Amino acid sequence: MATVTLENLKKSFGRTEVIHGVNIDIADGEFIVIVGPSGCGKSTLLRMVAGLETVTSGKVFIGGHLVNEREPMDRDIAMVFQNYALYPHMSVFDNMAYGLKIAGRSKAEIAERVAAAAHVLQIEPFLDRKPRELSGGQRQRVAMGRAIVRKPAVFLFDEPLSNLDAKLRVQMRLEIKQLQRELGVTSLYVTHDQVEAMTLADRMIVMNEGRADQIGAPLEVYANPQTVFVAGFIGSPPTNFLPALSVSRGSTEELLGIRPEHLRIVGPDKCELRARVVNAEALGAETLVHTRIHSGEYVTVRQEGSRPVPEEGEEVGLGWAKENEMLFFTNGARRY
Amino acid sequence: MVEKRGAALWLTHLGLIVGLFFIFFPIWLAFVASTISQPEIVRPPMPLLPGDRFLENYSKALVSGINAPVARMLFNSAVMALGIAFGKIAISLLSAFAIVYFRFPGRQLFFWLIFLTLMLPVEVRIVPTYEVAAQFGMLNSYSGLIFPLIASATATFLFRQFFLTVPDELAEAARVDGARPMRFFWDILLPMSRTNIAALFVILFIYGWNQYLWPLLITTDPSMNTIVMGIKQMFPSGDDTADWPVIMATSLLAMLPPILVVIGMQRLFIRGLVESEK
Amino acid sequence: MEKRVRFKGYLLPICLVMPQIVITAVFFFYPAGQAIWQSLFIPDPFGFSAQFVGLGNFEFLLSDPFYRASFITTAIFSILVTAVSMGVALFLAVLADRLIKGSGTYRTLLIWPYAVAPAVAGVLWLFMFNTRVGVVTWYLGVLGYDWNHVLNPGEAMGLVVLASSWGRISYNFLFFLAGLQAIPRSVIEAAAIDGAHFWTRFRTIVFPLLSPTTFFLLVVNVVYAFFETFGVVHTITAGGPQQATTILVYKVYSDGFVGQDLGSSAAQSVILLIIVSVLTVIQFRYIERRVHY
Numbered sequence: 001m002a003t004v005t006l007e008n009l010k011k012s013f014g015r016t017e018v019i020h021g022v023n024i025d026i027a028d029g030e031f032i033v034i035v036g037p038s039g040c041g042k043s044t045l046l047r048m049v050a051g052l053e054t055v056t057s058g059k060v061f062i063g064g065h066l067v068n069e070r071e072p073m074d075r076d077i078a079m080v081f082q083n084y085a086l087y088p089h090m091s092v093f094d095n096m097a098y099g100l101k102i103a104g105r106s107k108a109e110i111a112e113r114v115a116a117a118a119h120v121l122q123i124e125p126f127l128d129r130k131p132r133e134l135s136g137g138q139r140q141r142v143a144m145g146r147a148i149v150r151k152p153a154v155f156l157f158d159e160p161l162s163n164l165d166a167k168l169r170v171q172m173r174l175e176i177k178q179l180q181r182e183l184g185v186t187s188l189y190v191t192h193d194q195v196e197a198m199t200l201a202d203r204m205i206v207m208n209e210g211r212a213d214q215i216g217a218p219l220e221v222y223a224n225p226q227t228v229f230v231a232g233f234i235g236s237p238p239t240n241f242l243p244a245l246s247v248s249r250g251s252t253e254e255l256l257g258i259r260p261e262h263l264r265i266v267g268p269d270k271c272e273l274r275a276r277v278v279n280a281e282a283l284g285a286e287t288l289v290h291t292r293i294h295s296g297e298y299v300t301v302r303q304e305g306s307r308p309v310p311e312e313g314e315e316v317g318l319g320w321a322k323e324n325e326m327l328f329f330t331n332g333a334r335r336y
Numbered sequence: 001m002v003e004k005r006g007a008a009l010w011l012t013h014l015g016l017i018v019g020l021f022f023i024f025f026p027i028w029l030a031f032v033a034s035t036i037s038q039p040e041i042v043r044p045p046m047p048l049l050p051g052d053r054f055l056e057n058y059s060k061a062l063v064s065g066i067n068a069p070v071a072r073m074l075f076n077s078a079v080m081a082l083g084i085a086f087g088k089i090a091i092s093l094l095s096a097f098a099i100v101y102f103r104f105p106g107r108q109l110f111f112w113l114i115f116l117t118l119m120l121p122v123e124v125r126i127v128p129t130y131e132v133a134a135q136f137g138m139l140n141s142y143s144g145l146i147f148p149l150i151a152s153a154t155a156t157f158l159f160r161q162f163f164l165t166v167p168d169e170l171a172e173a174a175r176v177d178g179a180r181p182m183r184f185f186w187d188i189l190l191p192m193s194r195t196n197i198a199a200l201f202v203i204l205f206i207y208g209w210n211q212y213l214w215p216l217l218i219t220t221d222p223s224m225n226t227i228v229m230g231i232k233q234m235f236p237s238g239d240d241t242a243d244w245p246v247i248m249a250t251s252l253l254a255m256l257p258p259i260l261v262v263i264g265m266q267r268l269f270i271r272g273l274v275e276s277e278k
Numbered sequence: 001m002e003k004r005v006r007f008k009g010y011l012l013p014i015c016l017v018m019p020q021i022v023i024t025a026v027f028f029f030y031p032a033g034q035a036i037w038q039s040l041f042i043p044d045p046f047g048f049s050a051q052f053v054g055l056g057n058f059e060f061l062l063s064d065p066f067y068r069a070s071f072i073t074t075a076i077f078s079i080l081v082t083a084v085s086m087g088v089a090l091f092l093a094v095l096a097d098r099l100i101k102g103s104g105t106y107r108t109l110l111i112w113p114y115a116v117a118p119a120v121a122g123v124l125w126l127f128m129f130n131t132r133v134g135v136v137t138w139y140l141g142v143l144g145y146d147w148n149h150v151l152n153p154g155e156a157m158g159l160v161v162l163a164s165s166w167g168r169i170s171y172n173f174l175f176f177l178a179g180l181q182a183i184p185r186s187v188i189e190a191a192a193i194d195g196a197h198f199w200t201r202f203r204t205i206v207f208p209l210l211s212p213t214t215f216f217l218l219v220v221n222v223v224y225a226f227f228e229t230f231g232v233v234h235t236i237t238a239g240g241p242q243q244a245t246t247i248l249v250y251k252v253y254s255d256g257f258v259g260q261d262l263g264s265s266a267a268q269s270v271i272l273l274i275i276v277s278v279l280t281v282i283q284f285r286y287i288e289r290r291v292h293y
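Chains as they are written, first to last, in full-length UniProt numbering: chain R, 1 to 336; chain V, 1 to 278; chain F, 1 to 293.
So this is what it looks like as structure tokens:
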């Protein structure tokens, strides 16, 4: 078990800086999810912690030790890769045992630790099989098993669920969370999927173009996004953005953000904003009403499934509570 | 598929069988000649069905031969073919590993030097290569038969291509597991290259076994002759009649090992052929 | 294409490439350099000194009627070998491709002559056409044709072409069959429904789609005919009669080792080197193009 600290961590490839200085103190046993769109630098950040990428400047501490110059094997970490990276010619047992063998553990100890990990992950029946004889979900478990047999201080996950189908993804998400709770190992988890981020994280780092736009507990980030990017990225359907002036707030180029669930359809007379219904998706429990306001922006309203579904082309009014408004400066930062 | 029926189907088979006959006939004739006696051959036409001298001719060839026992030449060929196949595979694996998985000074230069050697056969630089071999005292030696023919980059190129298709994550996983470069090479990369190595082995074995010009130059001592070049040495100079049964028996012995390799490893052979020409 | 993963260190990779560097330097670059160097000198008959002649050897070579004749011989020889071995192979491959069942069997039966060394192929054909004991010679005699490749240049060329093509058929067959089997069946079926008969289908659809394979084999077979047929020529005709079958590679050997004319032999090596380089460039450009498909 260990704490992890990143101090003004930067990375450049050639002259292009791709990570512009990330700071975070991760507590022992904490589950941190790094989330962001592809190309935002989240994998690079994780790989710097793993030691697979060199650090351009800044410091990485694991368990209080500066590890910038240490090889991955000397950092007391384990990693689960997106494509699992199982050794195709080795059995499941050998895949899990490989790191221990290199570390020179005794045969008995290896057998015992692999058996224990296999038991936790319920992959005991497959220990003699080769990776190609396993299903995607089983491979995923083996990859996890390879990480946990080593009893590392930190787990690193690089989009471990993105190769699975939707149903399995939900199941494995729960299992990962449970496993991490049981083992209590500090974890860093990279994903582009905000649902994974929301459900797994103790705290999440929302990355945008090489910067950590916001670090915080999922609900706090959701309720109180610090930048336009975070407001738009976290939450589904995404936050609606209107030119602030169109509703007489702020100044030119500033944006007003309102989440779909905070909007209400009201009569056209007593509203903040008028809109025309483009179409309505009735999903049962909820209905997404897509509308277009006169300045051209699309605005989505999310309402209870029990409420009446408006007609296409209907003129409606949109209303919201003042406290749900989020106003952003031109540079993307939050004004209020 | 556009179906063939009746006469068309039989014509197709007929065409193929005629082709097979053309391919097989020289070998069949050689086989027949290796089972009959010299007088039967020198009074043409020779018979077209095998005789009863099989054992006699083959044992004569293997044990005494004409200049040197064919058994000895077979051994020389085996050493040469295996030496070339293993030697080339070994040095190519190592250098391809270095080129793909490391950055080191001179890597680009080295890369280009190696690729300059692609496809330039030994025949082209034959005289100076001979002089080099002579300076090193490699005439009539196995190292002289083997080393000059290893000096090309085809296999390096092939392994490089293959290594590039190995997912990066495997090497990273190995690093996280604590494997040093050579350990990764032995435990992961080498076992994963098994099929490629085997396919290349087939191609290189045949290449080495069938060498003619180089052994012709470098082995003057009959006991160092390889079998493929040794056959020609069995023909008498001048007007004497050649000992055809023994020569034909030797020819069959010369083609047998590579043919067995091709047929026994047909799938690998085809794969090796197609990949080494890419 | 580059790897994202890198191992650290300089010493280890340099040690790893060393064996290949040393062998290639000693047995490839040094001799190739020597060939170029020697081609600029004429050694005196006793081998004690050499006189610098610049491009003299090349000038002499290109004006030497024997060398020019050898060039023409090589051209004819390679065209014939390529045409015969590719023609027969394509014919057999088209037939085998027409079969639904059994093409695998024919393939197994046809591929193994690839393993027969050119020199051994030479001996086999020499035996069949031997002027005294050859079976084919004898039956040709019965038909009233007097075969004698030892004296007749045309027959000598014919025999080396046959023997060289023979072993090459399996190789070409393999690639043609693979190329044919890669053509989508639906294209051929569509053409059949359009009413195209076999020959029309072959000419207008199959052959054009096969052209990458054909072009590749063309280059490879020319290279084969240039360099790997030494064994055939040496065993069957030794370049004769009257140099009728002295291809360029054979001339490098006979001038360098039999005639001991090192300057000329080296110059010939350099010319061959240029020819191979050109063929290599053609092949690489072709491969690049194929990647774009």
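Every residue gets a Cβ at the ideal spot worked out from N, C-alpha and C, and that includes glycine.
None of the values given here were measured: they were computed from a predicted structure.
Does any C-beta atom of chain V lie closer than 9 Å to the C-beta of residue i?
| i | result |
| --- | --- |
| residue 278/F | no |
| residue 164/F | no |
| residue 81/R | yes |
| residue 89/R | yes |
| residue 98/R | yes |
| residue 30/F | yes |
| residue 169/F | yes |
Against chain R, with Cβ distances strictly below 9 Å, would residue i count as a contact?
| i | result |
| --- | --- |
| residue 176/V | yes |
| residue 182/V | no |
| residue 170/V | yes |
Are the C-beta of residue i and some C-beta of chain F separated by less than 9 Å?
| i | result |
| --- | --- |
| residue 131/V | yes |
| residue 254/V | yes |
| residue 1/V | Note that residue 1/V scores 45 on pLDDT, short of 50, meaning its location in the model is unreliable and no value can be drawn from it. |
What residues from chain C crowd round residue i, counting only those whose CB sits closer than 7 Å?
| i | result |
| --- | --- |
| residue 240/R | No chain C appears in this structure, whose protein chains are R, V and F. |
Quick check on this structure: which residue in the options has the alpha carbon closest to the alpha carbon of residue i?
| i | options | result |
| --- | --- | --- |
| residue 183/R | 147/R, 324/R and 56/R | 147/R |
| residue 205/F | 178/F, 189/F and 216/F | 189/F |
| residue 51/F | 38/F, 139/F and 31/F | 38/F |
Distance check for residue j and residue i, CA to CA, integer angstroms please.
| i | j | result |
| --- | --- | --- |
| residue 270/V | residue 254/F | 36 Å |
| residue 275/R | residue 324/R | 19 Å |
| residue 17/R | residue 48/R | 14 Å |
| residue 247/F | residue 227/F | 9 Å |
| residue 219/R | residue 271/R | 29 Å |
| residue 293/F | residue 152/V | Low local confidence applies: a pLDDT of 34 at residue 293/F is under 50, so the model's placement there is unreliable, with the coordinate-based value given in what follows. Rounded to whole angstroms, residue 293/F to residue 152/V spans 29 Å at the Cα level. |
| residue 241/V | residue 131/F | 12 Å |
| residue 50/R | residue 326/R | 37 Å |
Can you tell me where the alpha helix (DSSP H) with residue i in it begins and where it stops?
| i | result |
| --- | --- |
| residue 253/V | 244-264 |
| residue 119/R | 107-121 |
| residue 55/V | 54-63 |
By the DSSP assignment, the beta strand (DSSP E) with residue i in it spans what residues?
| i | result |
| --- | --- |
| residue 94/R | From DSSP, residue 94/R is part of no beta strand (DSSP E) but of the alpha helix (DSSP H) over 92-102. |
| residue 13/R | 4-13 |
| residue 80/R | 77-80 |
| residue 200/F | It is not in any beta strand (DSSP E) - residue 200/F instead sits in the alpha helix (DSSP H) that spans 198-201. |
Count the CB pairs spanning the stretch 53-70 of chain V and the stretch 210-227 of chain V that are closer than 8 Å, and state whether there are at least three.
yes
Counting pairs of beta carbons, one from the stretch 83-101 of chain F and one from the stretch 59-72 of chain F, are three or more of them closer than 8 Å?
no
Contact between the stretch 77-90 of chain R and the stretch 144-156 of chain R (3+ Cβ pairs under 8 Å):
yes
When the Cβ atoms of the stretch 169-188 of chain F are set against those of the stretch 209-228 of chain F, are three or more pairs found closer than 8 Å?
yes
For the pair the stretch 26-39 of chain R and the stretch 196-213 of chain R, tell me if three or more CB-CB distances fall below 8 Å.
yes
Counting pairs of Cβ atoms below 8 Å between the stretch 184-199 of chain V and the stretch 70-78 of chain V, do you hit three or more?
no
Within 8 Å, do at least three Cβ pairs link the stretch 136-152 of chain V to the stretch 25-43 of chain F?
yes
Counting Cβ pairs, one atom from each stretch, are 3 or more of them under 8 Å apart for the stretch 146-159 of chain F and the stretch 223-237 of chain F?
yes
With three or more C-beta pairs closer than 8 Å as the rule, is the stretch 242-255 of chain R touching the stretch 301-313 of chain R?
no
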